[in-house]
Amino acid sequence: MRLNLDRSGPWIAVAGLFVVLWLAISTVIYAPWWGVLLHVAVVAAYIPLVRSWARTKPSWCTWIPLFALVTWVGVNAVGVGLLDWHV
17 MRLNLDRSGP WIAVAGLFVV LWLAISTVIY APWWGVLLHV AVVAAYIPLV RSWARTKPSW
77 CTWIPLFALV TWVGVNAVGV GLLDWHV
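So in the working numbering the end of the sequence shown lands on 103, straight run, no missing numbers.
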């Protein structure tokens, strides 16, 4: 049986975004409250992209959690390196 990404791609993206959202919320351990809100806002910014691609390019939706993860790492790098977030 072959995976049909035209049908399951958007659902994979939604599940992946929930994982990245969990990572974003878990930054409360070392980031200030506004840093956590920044992380959540960045993850939320990918929701319209999932909605759009689910209609036009559903098989491409599986890449969105990867983009969100890279963005999460970037925000963490800036926060820890430049804004002095630490435990």
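We put the beta carbon where it would ideally sit given N, CA and C, even for glycine.
The model shown is predicted, which means the values in this text are computed figures rather than measured ones.
Taking the alpha-carbon of LEU37 as reference, which of ALA60, ALA47, VAL66 and PRO48 has the nearest alpha-carbon?
Position 21 of the sequence shown, counted from the start, is the residue given in the question as residue 37. Nearest option by C-alpha distance: ALA60.
Roughly how many angstroms lie between the CA atoms of ASP100 and PRO81, to the nearest whole one?
One-based indexing of the sequence shown puts residue 100 at position 84. One-based indexing of the sequence shown puts residue 81 at position 65. Counting only the Cα atoms, PRO81 lies some 26 Å from ASP100.
Where are the alpha helix (DSSP H) runs, 4 residues long or more, that stay fully inside the stretch 61 to 94, in chain order?
For the stretch 61 to 94, whole alpha helix (DSSP H) runs of length 4 or above, ordered along the chain, are 63 to 72.
Suppose contacts are defined by Cβ-Cβ distances below 8 Å. Is VAL66 in contact with VAL30 by that definition?
Here residue 66 refers to the residue found at position 50 of the sequence shown. Here residue 30 refers to the residue found at position 14 of the sequence shown. It is a contact, given that the beta carbons lie within the stated cut-off.
Starting from ILE41, trace the alpha helix (DSSP H) in both directions and tell me its first and last residue.
To locate residue 41, count along the sequence shown from 1; it is residue 25. First-last of the alpha helix (DSSP H) with ILE41: 21 to 42.
If you measure between the beta carbons of SER75 and LEU21, is that distance less than 8 Å?
Locating residue 75 in the sequence shown gives position 59, counting from the first residue. Locating residue 21 in the sequence shown gives position 5, counting from the first residue. A Cβ-Cβ contact shorter than 8 Å links SER75 with LEU21.
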